[in-house]
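In order, the protein sequence lines correspond to chains A and B. The first sequence begins at -11 in this note's numbering and counts up one residue at a time. The second sequence begins at 369 in this note's numbering and counts up one residue at a time. By construction, the Cβ of each residue, glycine as well, lies at the ideal position given by its N, Cα and C atoms. The structure under discussion appears below in the form of structure tokens.
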Amino acid sequence: MSDTSHPVDRLVSVLEHASRQLDDDEYLFFFDINKLLYYLDSRIDEDNSFKEVLSVFWYEDGPVATVGQTVADRSQEAGIFETTPTPHGQRFHPAGGTISVTDDDEDLQEAKEAIESILAEEYEITASKEEKIDQVYADAPYEFQRRFKKDVVPEVEELGDVLGPLPEDVYKAVSRAEAYLPLDDAFRDVNDLYSQYLDVSRSVLAQQDSVSDEVATRFEELTTAYWEAFCAKLRLETAPEDADADSVSRWRSDYESKVETFRTALDAFETEFVDDDAGGQPTRVAEDSTWGRVADGLLNSSD
Amino acid sequence: MGGDDLDTHFVDTNILVGHTVEWDRLGGTVGTYLHDVGQYCTIYSSPRAVKEALYVVRQQRRLAKKATEIVYEEYDRAETYGEIEHIKNFVYSELADGSGDTTGIGGVLALIEEKENTFEGLTKVDTRSIFDQLSGEIDAAFEEPIGFLEALQEMAEEELPVRLFWETATDYENQYPQYSGLADIFADEPTDRDLLFDAFHMLTTMGLASLRFVTDDRDDFISNRDRIQESLPGIVISRPDEVTAG
């Protein structure tokens, strides 16, 4: 028998301790497990051994622990949770099981106390998913994430609804979010995809009183495709330094695939819904226009 | 000033960006070139350059909005009256720090000057309506140059102010032995090498004796032009001011 428990099992033991803090009718989603691991990482001491296994990266709904899926799977195997499928994802119900760890040391105790405190004070299990997302996005590495999730996605989801926003207002939300794109050079290509998405949004939504159900549905799909591509890039750029090479390679392939998916969706949307009849010759703008002055500054700056 | 003896020109990305403006007062070397020479010469470019030009213009829009966001969210309203030079310095330092790259900031500073009253308004009151107004004005300003460049990719050749050479290749390395030989020049900007070979491919496939490659890019093209011209006979690398000097 090993003198030292596997680090993942020790983490599962912490999650077991969390399960025992829940009321009879309470449960977790996988989303919650990731958020609890994130808060745990932020609460424990820098020299706590759990730090080594609690690497975090940012993805579609906020911070994700690299071991989140492993911990969730292992906790089911150990009977700590049993799951039931729902339209919103799997629910993890406490099942009373336990996992044996041989080294109940100070690090483990600190982690258990931290998770208990997080559940009591910091993370409300019964809050809505939107409230939980809002809470963690305060720490997001890029403001664009919060802006997109809070300002753009809700508008897009309600586009076309009877009491939903005007198409013009959806376009303006997409436009405002462009200001918050990351400045990092690593994001330049995915930023340009957003700008192309914005241009198509303008062509289809600006100055429109309404859009068809088909346009609304396809625009929502396009928006989701962009978010997935952005988050795939985000995962690469926020990957922990100790992430294994195979995972990083897989994430890079996933990013390239999601970019391709978005480009295809964008081209299809533009082909089907953008009116090509722009009317005659393309026009150049006057030298004393806003763009004329910007172009002059861009082309003639001494830098 | 008469016509250029090399009267077929191939222009790079920056010249193409400049081509979205109707220059009257001859703004800088690019504007002067386009105003003076454009009427005497046939100007070509390639779809690759149009794609790059679209990127440049959209990036300027992103930077312009970023400047708006920076001033709205982070400028210390209590610190000082928001005089425009102070605002420009603030934006310059924030953008240069954030991205580490000052490319394109000249355009953003020009925008701030042009929208002086609105940017000063942003520094005086904490109201989102001015931010939203400026965001909308920026969108409106960039709509035409983006539309111009997108139209280049779609319209029939005889209607275009710039002709596109469509018969570019995707594998110049196998077609031209010079391709790999020039790799070191374009190590930082490999698409520039492909753009150069779009021009050389046009020269060879159209049977031209010579083709002037007009570029404002001093780092790659101009500083290495002797070597480029020796490798690619018929290609003449020129700055726009060299062409208009007569």
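{"Check": "Under 9 Å (Cβ pairs) to chain A, residues found in the stretch 504 to 515 of chain B", "Outcome": "Gly504, Glu505, Ile506, Asp507, Ala508, Ala509, Phe510, Glu511, Glu512, Pro513, Ile514, Gly515"}
{"Check": "Beta-carbon proximity of Ala167/A to Glu437/B, cut-off 8 Å", "Outcome": "yes"}
{"Check": "Reduced DSSP secondary structure (H/G/I, E/B, other) of Ser578/B", "Outcome": "coil"}
{"Check": "Assigned exposure category for Asn485/B - 16 Cβ within 10 Å defines buried", "Outcome": "exposed"}
{"Check": "Rounded straight-line distance, which links the Cα of Gln521/B to that of Gly267/A", "Outcome": "The pLDDT assigned to Gly267/A is 49, lower than 50, so where the model puts this residue is not dependable, and the model offers no usable value."}
{"Check": "Contacting positions in the stretch 164 to 175 of chain A - beta carbon closer than 8 Å to chain B", "Outcome": "Arg164, Glu166, Ala167, Tyr168, Leu169, Leu171, Asp172, Asp173"}
{"Check": "DSSP beta-bridge partners of Ala53/A", "Outcome": "Val44/A"}
{"Check": "Reduced DSSP secondary structure (H/G/I, E/B, other) of Glu275/A", "Outcome": "coil"}
{"Check": "beta-carbon Tyr460/B near the ligand FMN non-hydrogen atom, thresh 7 Å", "Outcome": "The ligand FMN is not part of this structure, which contains no ligands at all."}
{"Check": "Sheet register partners of Ile605/B (DSSP bridge)", "Outcome": "Phe581/B"}
{"Check": "The alpha helix (DSSP H) enclosing Pro75/A, as first and last residue numbers", "Outcome": "Element bounds for Pro75/A: n/a, residue is neither H nor E."}
{"Check": "Residue-level contact to chain A via CB, Tyr423/B, 8 Å cutoff", "Outcome": "yes"}
{"Check": "Proximity test, Cβ basis, 8 Å: Thr278/A and chain B", "Outcome": "yes"}
{"Check": "Coil, strand or helix - Thr376/B by DSSP", "Outcome": "strand"}
{"Check": "Environment of Ala233/A [buried if 16+ CB atoms lie within 10 Å]", "Outcome": "exposed"}
{"Check": "Cβ of Asp357/A within 8 Å of any chain B Cβ", "Outcome": "Residue 357/A falls outside the range modelled here, since chain A spans only -11 to 291, and no answer is possible."}
{"Check": "Simplified DSSP state of Ile411/B, which is helix, strand or coil", "Outcome": "strand"}
{"Check": "Close beta carbons around Arg416/B, own chain, < 8 Å, minus the five adjacent residues each side", "Outcome": "Thr536, Thr559, Asp562, Leu563, Asp566"}
{"Check": "C-beta atoms of Val273/A and Glu505/B nearer than 8 Å", "Outcome": "no"}
{"Check": "Any C-beta of chain A under 8 Å from that of Ala417/B", "Outcome": "no"}
{"Check": "The stretch 28 to 39 of chain A contacting the stretch 58 to 74 of chain A, beta-carbon criterion three pairs below 8 Å", "Outcome": "no"}
{"Check": "For Gln97/A and Phe38/A, the rounded distance between their alpha carbons", "Outcome": "11 Å"}
{"Check": "Alpha-carbon to alpha-carbon, Glu390/B and Val140/A", "Outcome": "36 Å"}
{"Check": "Phe45/A versus Phe17/A - alpha carbon distance", "Outcome": "18 Å"}
{"Check": "Segment contact flag, the stretch 492 to 511 of chain B with the stretch 400 to 410 of chain B, C-beta cutoff 8 Å, min 3 pairs", "Outcome": "no"}
{"Check": "Segment contact flag, the stretch 163 to 182 of chain A with the stretch 196 to 206 of chain A, C-beta cutoff 8 Å, min 3 pairs", "Outcome": "no"}
{"Check": "Bounding residues of the alpha helix (DSSP H) (the contiguous stretch that carries Pro142/A)", "Outcome": "141 to 146"}
{"Check": "Nearest to Pro362/B (by Cα), restricted to the options Phe589/B, Lys419/B, Gln546/B", "Outcome": "This structure does not reach residue 362/B, given that chain B is present from 369 up to 614, and the question cannot be answered."}
{"Check": "Interface partners of Leu292/A on chain B, CB under 9 Å", "Outcome": "No statement about residue 292/A is possible, as the shown extent of chain A runs from -11 to 291 and does not include it."}
{"Check": "Any chain B beta carbon closer than 8 Å to Thr271/A", "Outcome": "yes"}
{"Check": "Residue-level contact to chain A via CB, Glu437/B, 8 Å cutoff", "Outcome": "yes"}
{"Check": "CA nearest to the CA of Asp585/B, picked from Val162/A, Ser289/A, Lys160/A, Ala83/A", "Outcome": "Ser289/A"}
{"Check": "Same chain, Cβ closer than 7 Å to Ser121/A, neighbours up to 5 away in sequence not counted", "Outcome": "The residue you asked about is not Ser; residue 121/A is Ile in the sequence shown. Cβ within range, chain order: Asp49, Gly50, Lys137."}
{"Check": "Beta-carbon proximity list for Glu209/A, same chain, < 7 Å, skipping 5 on both sides", "Outcome": "Ala253"}
{"Check": "Beta-carbon neighbours of Leu254/A, restricted to chain B and to distances below 9 Å", "Outcome": "Within 9 Å Cβ-Cβ: nothing; Leu254/A doesn't reach chain B, min ~13 Å."}
{"Check": "Contact list for Val385/B against chain A, beta-carbon separation under 8 Å", "Outcome": "Ala283, Leu286, Leu287"}
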